[in-house]
Structures are given as structure tokens and as C-alpha cells.
Amino acid sequence: MYPPHTHPRASEILVVQEGTLYVGFVTSNPENKLFTKILNKGDVFVLPIGLIHFQFNMGKTNTVAFAVETIITMKAVRFLVASVFLALASSLASASDPSPLQDFCVGINDTKNGVFVNGKFCKDPKLATPNDFFFSGLNIPRNTENQFGSTVTPVNVAQIPGLNTLGISLARIDYAPYGLNPPNIHPRATGILVVQEGTLYVGFVTSNPENKLFTKVLNKGDVFVFPAGLIHFHFNIGKTKAVAITALSSQNPGTITIANAVFGSNPAINPDVLSKAFQLDQNVVKSLQKKF
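Heads up: the sequence shown begins at 1 in full-length UniProt numbering, then just goes up one per residue.
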């Protein structure tokens with residue numbers, strides 16, 4: 001099998017040449033929805049940028065597949081359906097939000113009087129108000145009484161509709177003593193974290209094959225950058241609460257909490273896949289799936 005992993009900088013088109021593959025990917029929080037398909041020779045499947053995905057040979061013979069990624073040269077795939085690949089390449093090659101073509105595009109849910117731009121319908125600019133660009137309450141401490149001892153308060157396009165097309169958002173993170181913001185990915189954004197209170201142990205892990213860990217202990221006023229699409233975490237190593245603000249390079253960066261996506265997907269990933277990927281007994285896998 002090709003175990004669960006992500007490509008932080010590329011979408012992927014998978015083509016099966018021989019055998020049969022069970023493949024799938026898991027969407028971002030909060031849905032963590034699992035999309036799967038059984039592929040036979042000649043079948044093609046698209047795996048969106050930054051999402052956890054896997055491939056598992058469920059047959060009794062060897063299987064061969066090749067993958068095309070949006071960042072790699074297009075020459076290798078000229079024999080594929082050109083229009084499909086070019087459409088994907090043009091729309092997905094950029095890892096950040098598209099640049100806005102106007103001063104702002106306030107997102108609305110009304111489809112009657114709006115124009116669809118970058119995931120939202122836009123309000124008539126003449127009807128925009130200061131409240132479309134405003135959010136109150138980021139200074140208020142949040143409840144951290146949960147299994148991880150941390151709470152994230154997002155401030156993205158869902159909270160501030162004026163962020164639509166602007167390619168930026170932020171969040172407040174509250175940590176109880178020894179609270180954790182568990183390993184996660186932002187598939188569409190780089191993050192820059194500023195500690196406001198307390199002491200945090202933070203880090204990120206680079207892509208295969210190095211999987212190099214970069215860590216730092218941060219105190220009040222310290223700043224740390226998390227590159228787009230890489231697994232990262234924050235851990236309050238102090239005996240008092242901690243607070244941090246993170247800025248993100250997308251209006252809707254998305255969050256994939258690794259454990260939730262892998263062990264808590266809906267529907268659940270086949271335990272055979274996870275057992276082999278993590279070299280765990282199936283009973284351990286099933287127990288973990290029940291927890292998530």
C-alpha cells in the first residue's frame with residue numbers, strides 16, 4: 001500500500017496501469033468526509049491538493065499506477081486528455097488564493113443579487129457596510145475544557161464576509177496549562193503565529209523523504225512561521241494558560257486534524273489500510289477509530 005499522506009503543494013491525477021486499487025481521500029474539518037473508489041486498469045482518480053489520501057492494492061497480484069501532479073512538467077502527460085489536465089493545471093497550480101480583481105467582494109449567501117467569486121457570492125459594493133469588515137470579541141478568553149485543552153477561534157470569511165477574495169484570515173488560540181493544538185494541516189495557507197501569553201513548544205515536519213522536524217520554544221512576543229500544507233502543532237509547556245494569534249494566507253485556509261481525518265473519517269477508512277500503514281494490530285486501529 002501507499003500509506004496515508006498529503007502533497008502540500010500539488011493535486012494529483014492517478015492512473016492505474018495494472019491491477020486493482022482501493023483509493024480515497026479525506027476532506028478538511030469538520031466533515032472529515034471520506035471519498036473512496038475501487039480502480040481497475042485504465043481508471044483515473046483525482047486527489048485534491050493538501051488532503052490526506054491513500055492507495056491500497058486489494059488484489060492478489062502486483063499493481064502498477066502512475067501519478068501526475070500539478071506542479072510537475074506537463075510533458076509527461078501529453079497522452080492524457082489534454083483539456084482535463086490543462087484545466088486542472090491552470091486552476092490548481094497556485095497554492096494561494098486567486099488575486100482579487102476589485103477592491104473587495106463581500107461574501108453573501110443570496111444567489112439572486114450576487115456574482116460568484118472564489119467560493120462566495122458577492123454583495124453589490126454599493127451595499128457594503130463597515131460591519132462587513134468587522135469582528136468583535138477576539139480578546140475574550142475561550143473555554144479550553146476539552147480533551148486537548150485548547151480552543152481555536154477562527155476569523156475567516158465565514159466570520160468576516162469582507163475577507164472574500166482578500167487571501168488572508170486569522171485565529172485566536174487559547175491553551176489550558178499543558179494544552180495542545182494537535183498535529184494538523186492547513187491545506188491552503190501558510191501560518192504565522194504570535195504568542196501573546198505563556199510559553200509554547202511548536203513545530204512542523206517537512207515532506208517525504210526527509211520528514212525533518214523543526215521546533216522552537218516560544219515566549220510572549222515570539223513569532224514562528226508554519227509553511228503551507230505541512231503538519232504542525234502547538235503545545236503549552238507552561239503551568240499557566242497561553243494565548244496566541246495566528247495569521248493565515250487564505251480567506252479560508254481549511255484545517256485537517258491528522259488524527260481526526262485518519263481515524264475519524266466518515267465513513268471510516270478500512271482498518272486493513274490503517275493497520276498496514278501504521279504497523280498496528282487491527283484491534284488497536286478499531287479502538288482508535290472508536291475514540292474519534
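Heads up, the beta-carbon is just placed ideally off N, CA and C, and yes, glycines get one too.
Cross-strand partners of G107 (DSSP beta bridge): Note: G107 is bridge-paired with C122 in the DSSP secondary-structure output.
Let me know if S11 comes out buried or exposed under the rule of 16 or more other beta-carbons within 10 Å of its beta-carbon. Flag for S11 reads buried.
Where S287 sits in the DSSP three-state scheme: DSSP, reduced to helix, strand and coil, places S287 within a helical segment of the structure shown.
Please report how far the alpha carbon of V263 lies from the alpha carbon of S287, in whole angstroms. The identity of residue 263 in the sequence shown is Phe, whereas the question assumes Val. It is roughly 9 Å from the alpha-carbon of F263 to the alpha-carbon of S287.
In its own chain, which residues sit with a C-beta less than 6 Å from the C-beta of V16, not counting the 5 before and 5 after it? Taken in chain order, the residues that qualify are L39, K41, D43, A65.
Taking the beta strand (DSSP E) that S275 falls in, what are its first and last residues? For S275, there is no enclosing beta strand (DSSP E); the residue is part of the alpha helix (DSSP H) that begins and ends at 271-278.
Between the C-alpha atoms of N139 and A247, what's the straight-line distance to the nearest angstrom? Rounded to the nearest angstrom, the two C-alpha atoms are 15 Å apart.
Where are the alpha helix (DSSP H) runs, 4 residues long or more, that stay fully inside the region 229-270, in chain order? Qualifying alpha helix (DSSP H) stretches, in chain order: 258-263.
Thinking just about the alpha-carbon of each residue, which of T61, N57, K123, L34 is nearest to the one in L51? The option with the nearest alpha carbon to L51 is L34.
Close-in-space but distant-in-sequence residues of the same chain around V155 (CB under 7 Å, 5 per side omitted): The residues are F135, L138, S169, L170, A171.
First and last residue of the uninterrupted beta strand (DSSP E) at R172: For R172, the uninterrupted beta strand (DSSP E) segment begins and ends at 169-175.
List the endpoints of the continuous beta strand (DSSP E) containing G191. Counting along the chain, G191 sits inside the beta strand (DSSP E) bounded by residues 191-197.
Just to confirm the assignment, what range does the beta strand (DSSP E) spanning Q17 have? Q17 -> beta strand (DSSP E) spans 12-18.
Assuming L193 and V202 form a contact by the criterion Cβ under 8 Å, report the distance between their Cβ atoms to the nearest whole angstrom. Contact flag correct, Cβ pair sits at about 7 Å.
Nearest-angstrom beta carbon gap, P48 and S207 [assumed within contact, 8 Å]: Cβ atoms of S207 and P48 stay farther apart than 8 Å, at about 17 Å.
What are the partner residues of N139, as DSSP defines its beta bridges? According to DSSP, N139 bridges with nothing at all.
I'd like the list of long-range same chain contacts for C105, defined as Cβ closer than 6 Å, with 5 residues on each side in sequence excluded. So the list reads V117, C122, N164, T165, once near-sequence residues are dropped.
Three-state secondary structure assigned by DSSP to A67: Assigned with DSSP and collapsed to three states, A67 falls in strand.
What's the C-alpha gap between S265 and N184? The straight-line gap from Cα to Cα measures roughly 14 Å.
Proximity of A277 and F54 at Cβ, strictly below 8 Å: Yes; because the gap between Cβ atoms is below 8 Å, this pair is in contact.
Opposite Q159 in the DSSP bridges: which residues? BP columns for Q159 are empty, so no partner.
C-beta contact flag for T199 and N219 at 8 Å: Their beta carbons are under 8 Å apart, which means T199 touches N219 by this criterion.
Can you list, in chain order, the residues of its chain with a C-beta nearer than 7 Å to that of F292? Leave out the 5 residues immediately preceding and following it. The answer, listed in chain order, is A259, N260, F263, G264.
Return the CA-CA distance between G221 and V195, expressed in angstroms with no decimal places. Spanning the alpha carbons of G221 and V195 requires a straight line of approximately 5 Å.
For Q147, which three-state DSSP category applies? Annotated three-state conformation of Q147 is coil, per DSSP.
Expected contact under 8 Å - CB spacing of H186 and G107 to nearest Å: Contact between H186 and G107 fails: their C-beta atoms lie close to 19 Å from each other, not under 8 Å.
Might you give, ordered along the chain, the residues of its own chain that have their beta carbon closer than 6 Å to the beta carbon of N270, omitting 5 neighbours on each side? Same-chain partners within the cutoff: there are none.
Here's the rule I'm using: 16 or more other beta-carbon atoms within 10 Å means buried, otherwise exposed. How should G59 be labelled? By the Cβ-count criterion, G59 is exposed, with fewer than 16 other Cβ atoms from all chains shown falling within 10 Å of its own Cβ.
Counting only beta-carbon atoms, is P209 nearer than 8 Å to chain B? You won't find chain B in this structure, because it holds only one protein chain.
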